[in-house]
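In my numbering, the protein residues as written are 1 to 236.
From the three backbone atoms N, C-alpha and C, an ideal C-beta is built for every residue, glycine too.
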Ligand SMILES: [Zn+2]
């Protein structure tokens, strides 16, 4: 029997690599929790500067365009604009510098639930393997959440320790909990559709794609529409 994630987190921190990743990965859950009263923060590591096949489009123009898309997408989910860490695409390294910044965020926001990429999900059939920024960031967020944020001798200048209770990993091959997004799929579709720079043909297919994915996860969970996550319980 599929396990549903029905708790309403007090504070949620979603950390994703690229401007559209959080909306695609967990936009429904974030909209749901915000609607239910959770504090929801989104942090984006990379700027999306290489997310185009068009060699004539200057990266700085693309970054500015995508920054606008991110703001509109957050508004569609009922959220404040995400914070941006400012890395270039392909250069999100799982190193102490990034982990220090993530620990700072965790100790400042003090989330009970952290969401990020599943860094162990590498190969998705024959069609796709996971972007290196997703893999690097996923491991960095895991290591920042535990043990680093919880123990005072890691990054002592980053604020008082905080124990994250649960991490939910998206883009996973091993989902273990599902969030019902039936009431929030419209917000998710609206948010994903804001990232027009990523859709060569204007993106009319995006609505169907988001719904189809939510239906697939819903079937696994015994729900109409869902998002699936791999859950790690870290303490408390
Ligand atoms: Zn991405």
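Excluding its 5 nearest sequence neighbours in each direction, residue 83 has C-beta neighbours in its own chain below 6 Å: 43, listed in chain order. A contact is defined here as three or more CB-CB pairs under 8 Å, and the segment 72 to 89 meets this definition with respect to the segment 9 to 23. Below 8 Å, enough C-beta pairs join the segment 106 to 121 and the segment 6 to 18 to call them touching: three or more. In the structure shown, residue 20 falls within a coil segment according to DSSP collapsed to helix, strand and coil.
If one requires a minimum length of 3 residues, the beta strand (DSSP E) runs lying completely within the segment 134 to 178 are 166 to 170, in chain order. Within the DSSP secondary-structure output, residue 230 pairs in a beta bridge with 169. Within the model, the alpha-carbon separation for residue 130 versus residue 145 is close to 22 Å.
Residue 3 carries a strand assignment under DSSP once its states are collapsed to helix, strand and coil.
Residue side-chain check: residue 195 keeps its Cβ at 7 Å or more from all non-hydrogen atoms of ligand 1. Non-local C-beta neighbours of residue 104 in its own chain, meaning closer than 8 Å and more than five positions away in sequence, comprise 155, 158 and 159, ordered along the chain. The beta carbon of residue 49 sits closer than 7 Å to those of 59, 62, 63, 88 and 89, all from its chain and outside the five residues before and after it, given in chain order. When DSSP states are grouped into helix, strand and coil, residue 34 belongs to the helix group. Going by DSSP, residue 45 is part of the beta strand (DSSP E) stretching over 39 to 46. The beta carbons of residue 171 and residue 134 sit about 7 Å from each other, so the pair counts as a contact at 8 Å.
Annotated three-state conformation of residue 83 is strand, per DSSP. Burial check for residue 106: the Cβ neighbour count within 10 Å reaches 16 or more, so the residue is buried. The alpha-carbon separation between residue 3 and residue 54 amounts to approximately 43 Å. Each residue's CA atom was taken as its position, placing residue 180 and residue 86 some 32 Å apart. Under the DSSP assignment, residue 113 falls in the beta strand (DSSP E) whose first and last residues are 113 to 117.
In this structure, the straight-line span from the alpha carbon of residue 47 to that of residue 57 is close to 15 Å. For residue 185, the closest alpha carbon among the candidates 226, 98, 96 and 113 is that of 226. Residue ranges of uninterrupted beta strand (DSSP E) with 3 or more members, entirely inside the segment 176 to 214 and ordered along the chain, are 177 to 180.
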